[in-house]
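Using numbering that gives the first Met the number 0, read the sequence shown as starting at 0 and increasing by one per residue.
The beta carbon of each residue, even a glycine, is placed where N, CA and C say it ideally should be.
No experiment lies behind these values; they were computed from the predicted model shown.
Data first, discussion second: the structure below is written as structure tokens.
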Amino acid sequence: MKKLLITVAVIGMSSAAFAEAPDIAFATADADSSGGVSLAEAQAVWSDLDEAAFKAADTSQDGLLDQAEFDAYAATQEDAE
Ligand SMILES: [Ca+2]
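See the structure below:
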């Protein structure tokens, strides 16, 4: 029984850690609250982001990353680590 409780505690801790993983929020990246993340704003979050990568992430090609585009790019960055 004690072992089961420890197992439950470990699972609980690891899921909490997952929830708190450095997940860059769109609202934080959108420094001027324009509703889109510009290249400069994106580079403030990902210092190694170049223009080509930004354009690839900007699937609608409007020069800004909207929430979906931002989240999709953020997911690729998390996978890379
Ligand atoms: Ca866009």
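Reduced DSSP secondary structure (H/G/I, E/B, other) of residue i
i	result
Leu38	helix
Exposure of residue i, with buried meaning 16 or more beta-carbon neighbours within 10 Å
i	result
Ala41	buried
Ala73	buried
Asp29	buried
Gly86	Since the first residue shown for the chain is 0 and the last is 80, residue 86 is missing from the structure and cannot be characterised.
Cβ-Cβ distance between residue i and residue j below 9 Å
i	j	result
Ala71	Ala51	no
Phe53	Phe25	no
Leu63	Ser37	yes
Val44	Thr27	yes
Item to check | Any heavy atom of ligand 3 nearer than 6 Å to the CB - residues listed | outcome: Ligand 3 is not among the ligands present in this structure, which contains only ligand 1.
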